[in-house]
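Each remark here refers to the structure printed beneath this line.
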Amino acid sequence: MRREDQQSKVLYELSDLVLNILRCPPSTLQFSDHSPTMSAPPSRRPSGAVMQQITPVELVLLLFGISMALMLCGSVTFFLGFFLMPWVIGLVIVLYFVGIISSLTMLARAIVSHAKSPCKDIPGE
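Numbering (this note's numbering), first residue to last: 1 to 125.
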């Protein structure tokens, strides 16, 4: 139960992060090859929030990164399941074997108890 809560929390945080990036992408930093003394003063933004449009390439790269992260998590889950599957199959086989032995012992008890009980005469004969 706790693991499911943790997984749902992680997925909720991931989707929240993606929606925040899509709504208001971070501003890009400008790098210049000039020395700091020759650089022009940075341009000021207006006090209101300016929404930048995300380009199709940025959207594709964002979705590609998200899909890679989900595939990595999925491959880790697959590896754990693949690693634990022989243990699960072994446990199922052991439990089936115990069930068969239990059924056979109950059948043997029924046969032995029936053989030990005296036969009652049928009235009227």
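We treat Cβ as the ideally placed atom computed from N, Cα and C, and that holds for glycine.
Residue nearest to residue 7 in terms of C-alpha spacing, selected from 112, 74, 111: Out of 112, 74, 111, 74 has the C-alpha closest to the C-alpha of residue 7.
As assigned by DSSP and simplified to three states, the class of residue 6: For residue 6, the three-state secondary structure derived from DSSP is helix.
Cα-Cα separation, residue 115 to residue 101: So the alpha carbons of these two residues sit roughly 21 Å apart.
Pick from 60, 4, 5 that is closest to residue 18, judged by C-alpha positions: Nearest to residue 18 by alpha-carbon distance, out of 60, 4, 5, is 60.
Local conformation of residue 54 per DSSP, three classes: Reduced to three states, the DSSP call for residue 54 is coil.
Alpha helix (DSSP H) runs wholly inside the region 59-102, at least 4 long, in chain order: For the region 59-102, not a single whole alpha helix (DSSP H) run of length 4 or above is found.
Sub-8 Å separation of residue 21 and residue 70 beta-carbons: No; because the gap between Cβ atoms is not below 8 Å, this pair is not in contact.
Cutoff 8 Å; reference residue 117; Cβ partners in own chain excluding five residues on either side: Only residues of its own chain outside the window of five on either side were considered, and among them none has a CB closer than 8 Å to the CB of residue 117.
Three-state secondary structure (DSSP) of residue 15: If DSSP states are grouped into helix, strand and coil, residue 15 belongs with the helices.
Coil, strand or helix - residue 113 by DSSP: The answer is helix: DSSP assigns residue 113 an H, G or I state.
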